[in-house]
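Residue numbers for the sequence shown follow my numbering, beginning at 9 and rising by one.
Even glycine gets a Cβ: it sits at the ideal position worked out from N, Cα and C.
One structure is given here, and the rest of the page talks about it.
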Amino acid sequence: MNGPTDRPAQPLPRVLLLSAAVPETRLAGSLLLYRLFQSYPADRLLAVGPATRPGSDLLACQYRYLRPAPSARLNLTRFAAAKRSLEALGLVGRIPLKRAEALVGTFIPDVVVSVMERRDYVDVAHRYCAAHGVPLVLIVHDRVESFDLVYSGFRGSQLRGNARTYRFASARLCISPQMAESL
């Protein structure tokens, strides 16, 4: 008799974390990923994103540094709203897909996970998944538009771009049912 316990164990999916948040213990979104993947097999996980913070605990998996879009240097300046407004139109703020692909290298993911936090990293995760036919899983803990402020004339473009990525995702893991309903 073949019961559920008699089946051979299926390997866990190969997960590419392509995100502005990578598993580490110094930031909230990153800590969530750290806890989520703490027991995950290191050979089935690859983290591609910003540099980790000194002194942060890391997982045993490989981490590869993906530079943000060149315009990211404006994020904390008086030009931030102008930068995000142009980003909403796709005129700035794009990380080249080839750069991300080079860092992923020979790792062949079954799924890509990204925290919906910074447009440049979410955008490259979306484009990577579209180009390679890999499902995208978004972790959503905030409405990006509530803190990535743009000039009023660019709000619609920003919302449409975020909505395209949100709809494209195979799964959306929202922090609460209310957020899922809102989005």
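Looking only at DSSP bridge pairs, what is residue 122 linked to?
According to DSSP, residue 122 bridges with 146.
Are the Cβ atoms of residue 43 and residue 22 separated by less than 9 Å?
no
Which partner residues does residue 42 have in the DSSP bridge list?
None; residue 42 has no bridge partner.
Option in 36, 89, 93 and 30 with minimal Cα separation from residue 68:
30
Residue 69 (DSSP reduced to helix, strand or coil):
Of the three classes helix, strand and coil, the one that applies to residue 69 here is coil, per DSSP.
Do residue 121 and residue 145 have their beta-carbon atoms positioned less than 9 Å apart in this structure?
Remark: C-beta atoms of residue 145 and residue 121 approach each other more closely than 9 Å.
Which of helix, strand or coil does DSSP assign to residue 23?
strand
What are the residues that DSSP puts in a beta bridge with residue 57?
According to DSSP, residue 57 bridges with 73.
Where does residue 25 land, buried or exposed, given buried means 16+ other C-beta within 10 angstroms?
buried
Three-state class that DSSP yields for residue 17 in the structure shown:
coil
Would you check if the distance between the CB atom of residue 57 and the CB atom of residue 79 is smaller than 9 Å?
no
Taking the alpha carbon of residue 63 as the reference point, which residue from 136, 32, 135 and 20 has its own alpha carbon closest?
32
Within 8 Å, do at least three Cβ pairs link the region 85-96 to the region 104-120?
no
For residue 130, I'd like the list of residues in its chain whose CB is within less than 7 Å of its CB, leaving aside the five on either flank, ordered along the chain.
Same-chain partners within the cutoff: 122, 124 and 173.
Within its chain, find whatever has a CB closer than 8 Å to the CB of residue 103; leave out the 5 residues flanking it on each side and keep chain order.
Contacts found: 74, 75, 76, 77, 128, 129, 131 and 132.
Look at residue 169 and residue 96 and say whether their C-beta atoms are less than 9 Å apart.
yes
Exposed or buried, which one is residue 36 when buried takes at least 16 other CB atoms within 10 Å?
exposed
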